[in-house]
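Note sheet for the following structure.
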Amino acid sequence: MAVMVPSGDENIIEQYARTHDIVEVGTDEIEWIDFAEMHGICTEYLRDNFVVAIASPRGAILANIAPTLPSNNANDNNSRSAHIFNRLREVLWVYDANRGLFDGLRCRTFVVAAAARGAALLPADRDAIVSLLRGRGLHPIIQQKYECPQNCREDGSGFLIIKPAPHWNLPGVYLDQRCIGG
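Per this note's numbering: the sequence shown = residues 1 to 182.
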């Protein structure tokens, strides 16, 4: 599995994905891994999606949550918020079902939201995600903005990858080519 890089040049993240067994999370999907079994987890085509990642030295949960689906009206705030809430409930269910990978360990939670010219595109939905995660005791929340291309719903750029670190250190979390955790 190779992560596509918009510049066309291979970077360390693409090289890692090409040479290690990793799980790829598609748009509006949620996956989890145990680092004893897999070497990483990634998602690409961020568009205007939210990315929620829970990472510990033993494993990671990664969700790429689309705020609007083709079957939804992009202007219907209630259906959009309900969809985001339902997907986040699934993330928390996966977290609860795999709590052994996270309990008693250093754990970090990341929320990545699309932004245009530095301003979050859906700040109320982002804040609701952060509030729900904090309500479950997932601290600290590390919020990142992903600068969305001008036509971000059609543009496939952007990716996030989580890879384990040696000696039970926190895993490396990379947004595009920038390390945001680890």
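Note that CB positions come from ideal geometry on N, CA and C, so glycine has one too.
When burial is assigned at 16 or more other CB atoms within 10 Å of the CB, is HIS20 buried or exposed?
-> As a working mapping, residue 20 is identified with position 20 in the sequence shown. So HIS20 counts as exposed.
Measuring alpha carbon to alpha carbon, tell me which of ARG134, GLY59 and GLU90 ends up nearest ILE65.
-> Within the sequence shown, residue 65 is the residue found at index 65, counting from 1. Comparing C-alpha distances from ILE65 to each of ARG134, GLY59 and GLU90 shows the shortest one belongs to GLU90.
Is the beta carbon of VAL52 sitting closer than 8 Å to the one on ALA36?
-> Within the sequence shown, residue 52 is the residue found at index 52, counting from 1. Within the sequence shown, residue 36 is the residue found at index 36, counting from 1. For the pair VAL52 and ALA36, the CB atoms are not nearer than the 8 Å cut-off.
Leaving out five residues before and five after ARG106 in sequence, what residues of the same chain have Cβ atoms less than 7 Å from its Cβ?
-> Taking the sequence shown and counting its residues from 1, the one referred to as residue 106 is at position 106. Excluding sequence neighbours, ARG106 sits near SER56, PRO57 and LEU170.
Can you tell which of VAL111, THR68 and ILE61 has its C-alpha closest to the C-alpha of ASN98?
-> Locating residue 98 in the sequence shown gives position 98, counting from the first residue. Closest in alpha carbon position to ASN98, among VAL111, THR68 and ILE61, is ILE61.
If we count the other Cβ atoms within 10 Å of its Cβ and call it buried at 16 or more, is ASP176 buried or exposed?
-> Stepping through the sequence shown from its first residue, residue 176 is reached at position 176. Buried is the call here.
What's the C-alpha gap between VAL23 and GLN143?
-> Within the sequence shown, the letter at position 23 stands for residue 23. Within the sequence shown, the letter at position 143 stands for residue 143. For VAL23 and GLN143, the distance between alpha carbons rounds to 23 Å.
Among the residues of its own chain, which have a CB less than 7 Å from the CB of THR27, if the five just before and after it don't count?
-> The sequence position of residue 27 within the sequence shown is 27, counting from 1. Residues of the same chain with a CB within less than 7 Å of the CB of THR27, apart from the 5 flanking positions on each side, are TYR45, ASN49, ASN64 and ALA66 in chain order.
Span of the alpha helix (DSSP H), counted from its first residue to its last, around PHE77 = The residue labelled residue 77 in the question sits at position 77 within the sequence shown. The question names Phe, yet the displayed sequence has Asn at residue 77. That run of the alpha helix (DSSP H) goes 77-97.
Does the beta-carbon distance from ILE30 to VAL94 come in below 8 Å?
-> Here the question's residue 30 lines up with position 30 in the sequence shown. Here the question's residue 94 lines up with position 94 in the sequence shown. Yes, the pair counts as a contact, with Cβ atoms nearer than the cut-off.
Sequence-distant residues of its chain with Cβ nearer than 8 Å to ALA192 (five each side left out) = In the structure as shown, the chain starts at 1 and stops at 182, and residue 192 therefore has no counterpart that could be examined.
Buried/exposed call for PRO140, threshold 16 Cβ in 10 Å | Working through the sequence shown from its first residue, we reach residue 140 at position 140. Exposed, because fewer than 16 other Cβ atoms sit within 10 Å of the Cβ of PRO140.
Determine the burial state of HIS167: buried for a count of at least 16 other Cβ atoms within 10 Å of its Cβ, exposed for fewer.
-> Here residue 167 corresponds to residue number 167 of the sequence shown, with the count starting at 1. By the 10 Å Cβ count, HIS167 comes out exposed.
First and last residue of the uninterrupted beta strand (DSSP E) at GLY182 = Here residue 182 refers to the residue found at position 182 when the sequence shown is read from its first residue. Run containing GLY182: none; DSSP gives neither H nor E here.
Name the one or two DSSP bridge partners that ALA116 has.
-> Here residue 116 is taken as the residue at index 116 of the sequence shown, counted from 1. Beta-bridge pairing links ALA116 to ALA119.
Return the bridge partner residues of THR19 from the DSSP annotation.
-> Numbered from its first residue, the sequence shown carries residue 19 at position 19. Under DSSP, THR19 shares a beta bridge with no residue.
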